[in-house]
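Chemist:
Numbering (this note's numbering), first residue to last: -15 to 144.
#1: Within this structure, are the beta carbons of residue 126 and residue 54 separated by less than 8 Å?
#2: Please state the DSSP three-state secondary structure of residue 76.
#3: Looking at the unbroken alpha helix (DSSP H) that takes in residue 16, where does it start and where does it end?
#4: Kindly identify the DSSP beta-bridge partner or partners of residue 39.
#5: Examine the Cβ distances between the segment 92 to 99 and the segment 46 to 53 and report whether three or more of them are shorter than 8 Å.
#6: Can you tell me where the beta strand (DSSP E) holding residue 64 begins and where it ends?
What follows is the structure in structure tokens.
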């Protein structure tokens, strides 16, 4: 399992003086990109293939508060991927300095072709990198149907 360590800064807190929701999202994103960077996914390599990651959802479950000045470990577990690499799913857990789990997040995303603005599978070199990743015990091959398990549809308002 991959871990990234952070220290909660004053700017990571909200009006309640605990770790802000946006900081959780930023810590998770940084953890994912740090790990993907180790696999060769970086701005240059993704730019060469004209692809980028998109997030479908991030469901965060909060168990306990976290406060400034405290070290935080964020884990990354590889929970699922489609055969062509188009869809991916990760799980993050947040741990305090005593190893206590204070939050968890389930996230799903995909890869987008930055020219066509459509979802795309991964080039073989990236697909092979994902194949080498350690997989969670509950890892599964994702299908398009898995991306619809929390389906939401937009409801526009009428502008007068």
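Ideal placement from N, C-alpha and C gives every residue a C-beta, glycine not left out. Fair warning: this is a prediction, and the values are worked out from it, not measured in the lab.
Modeler: Let me spell this out:
#1: no
#2: strand
#3: 5 to 22
#4: 93
#5: no
#6: 55 to 66
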